[in-house]
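Reviewing the structure listed below.
Below, the structure written as C-alpha cells:
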C-alpha cells in the first residue's frame, strides 16, 4: 500500500482555481470525509490536507499542487515493499566507532535471505553521507556467498525528481469531482516534468498542466530514500548473516566534565560525559559505541550529503536513549589513538544529541591554587607600570594518577566546576578546557577571578649598571581578606636576558621568560615580596 497525496480539485470541465469552486470543493470534502470527522476541521486547508491522504494499491499518485511546492507527501508502494523487505533484513547488531572530526565507522550485522545463484539485497537505513568506497561486506555465517557488486542509490527527495524518472512511461490522470471522489481516469505518457510544468500525451493530443492527480506505478524500482544494495552470488539458499562496514560523515562526539568540590576538603567528584551527534539521516538502534580520541588521517572524503531538511526527523525531540545505569569502561589503546567503549548500548537517532556517561571518580585529590600575574618587566629603563592592583584567579591542580583517584587517559573537553554553598546547593564557579591528558600527567585548570585576594606591585628603584646592564627592584604586597590563610602563586614575565637576586622568598624559573614565587598569606593579612631583576650580561 502507499499513502497518496492528492489535492481535491474540480472536474476537468470546471474552471480551475475559482473561489466558488474552491469553497464548493471544501464542502464536498467535508461530505467525503464524513460529518463526525469533518466537523473537527475548521479551516479549508485542514479539509484539503485530510483529503490528500488516501491509501491505494500498486500506484504512486502525485498531485500537481504538490509538484509546484516540490514536496512529496507519503511514500510509494516500492518503498513500502522495500520496508517489508527490510523487516526480513533486521539489524542483528550495530556498532559505532565515532571520531571527533565529524565522521565515524558503522558496522552492522543483518539477517538476509539468499537464493541459490544471484540475489539482489536491498539495505535500507544506511547513512545518507556514507563513503561508498569504504563499504566492506563479510559473511560471518557462511563461506558460500560473495558480493559481486554494490550500488548506492541517493534516492529522490522531491516530487519533481520523482516524476523525472517516469518520463516516457505510462501514467494515469485522475480527475476528481467537487466532493473529492474520483470522477474520471485517463491514461497517457508522461512527456514533460520540469519546474512544475507537466505535459502528458493522451492519444494524439498533449495535455498541458492537467488539473488532475498523476498516478504512476510504484513497482518501477524507484528508491525515494538512500539505499545500499548488493548483488550477491550464493551456492545455496537460506537465511544468513551479512556484516557491513562503512565510513560516514555526520557522526561526531565531544567530551565534557562536571566536577563538584567537596566542602572543607581538597577533593572533588568528577564525571566525564560524551555527547554524540547524529546527522547521518538514519537511526542506529541499540548500538554499541566507542568514542575515539585522536585525529587519524582520512584518505577519502565522504560523499556529499543532502541538503538539510531533505528527510524527516529534524523535529524529533532531542532525548537521549541511553540506559542511565550503564557501567563505564576503561579506555583502550587503538594504535596511536584511544578508544573509550561504552559498556551498555544506546539508540542514536538522527538529528539528536545523545549524552552518555563515560567514566568518573568520587574522590579526586586536588589543590586549590591562587595565582596573580605580575606586570611584564622589560629590559628598557622606565618600562614598569607602577602601583597596579592585581586580581587573583583561582584554579585547581591535580595529577591524573590512580593514587589521586583517576589514572586513566582523559579526552579533551570542557570542565565545569561546581561548589556547594552554605545551604548545600551546588553553585557554578567556573570552567576551563582540558586537553587530551595521558596517565600520570599534571593538570592545571584556571576557573575564576577572586576579589578578596589581590596584590599591588611597585617599582622601588631602577638603575643602569653599565652600558649593557640594568637593575630593577620591585615590591609586591599580597593581601588576603579571606578567613583562612591561602598560598598565592606570583608569576613574573620578563623580557631579555635576566637574573633574579635579593629576593625575600625563594623563586623558581619556569622557562626563559617566566619566573614564579609561592608565598603564604595569613587570613585577613598581607605578605610582602621584594626582589631585584638584573637585565643584560
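In the working numbering, the protein residues as written are 1085 to 1621.
Glycine included, each C-beta is placed from N, C-alpha and C at the ideal position.
Assignment of residue 1486 by DSSP, reduced to helix, strand and coil, places it in the helix class. With the rule of 3 Cβ pairs closer than 8 Å, the region 1343 to 1353 does not count as touching the region 1205 to 1220. Residue burial is scored here from C-beta neighbours: residue 1489 has at least 16 other C-beta atoms within 10 angstroms and is therefore classed as buried. With contacts defined as CB atoms closer than 8 Å, residue 1620 and residue 1554 qualify as a contacting pair. For the pair residue 1351 and residue 1448, the CB atoms are nearer than the 8 Å cut-off. Of the other Cβ atoms in all chains shown, 16 or more fall within 10 Å of the Cβ of residue 1476; this residue is therefore buried. Sequence-distant partners of residue 1505 (beyond 5 residues in either direction) whose C-beta falls short of 6 Å from its own C-beta, in its chain, are 1511.
In the structure shown, residue 1217 falls within a helical segment according to DSSP collapsed to helix, strand and coil. For residue 1592, the pairing in a beta bridge is given by DSSP as 1600. A distance of 8 Å or more separates the beta carbons of residue 1559 and residue 1573. In the DSSP assignment, residue 1329 forms a beta bridge with 1191, 1220. Separation of the CB atoms of residue 1499 and residue 1341 is rounded to 4 Å, and the pair is thereby assigned contact status at 8 Å. In this structure, residue 1577 lies away from residue 1608, with their beta-carbon atoms at least 8 Å apart. By the 16-neighbour rule on beta-carbons within 10 angstroms, residue 1232 is exposed. Where residue 1514 is concerned, the enclosing beta strand (DSSP E) starts and stops at 1510 to 1518. In this structure, DSSP gives residue 1243 a helical state, which the three-state scheme calls helix. Listed as beta-bridge partners of residue 1543 by DSSP are 1558. Residue 1281 carries a strand assignment under DSSP once its states are collapsed to helix, strand and coil. Distance from the CA atom of residue 1431 to the CA atom of residue 1369, rounded to whole angstroms, is 4 Å.
Residue 1496 has its alpha-carbon roughly 13 Å from the corresponding atom of residue 1525. Residue pairing by DSSP places residue 1548 opposite 1554 in a beta bridge. The shortest C-alpha to C-alpha distance from residue 1491 to any of 1540, 1187, 1444 is the one to 1444.
The alpha-carbon of residue 1592 is positioned some 31 Å away from that of residue 1354. For residue 1605, the number of other beta carbons within 10 angstroms of its own is at least 16, and it is reported as buried.
Straight across, the Cα-Cα distance linking residue 1540 with residue 1374 is about 51 Å. Relative to the Cα of residue 1610, the nearest Cα in the group 1617, 1595, 1544, 1566 belongs to 1566. Membership of residue 1363 in any beta strand (DSSP E) is not indicated, and neither H nor E is assigned to it by DSSP.
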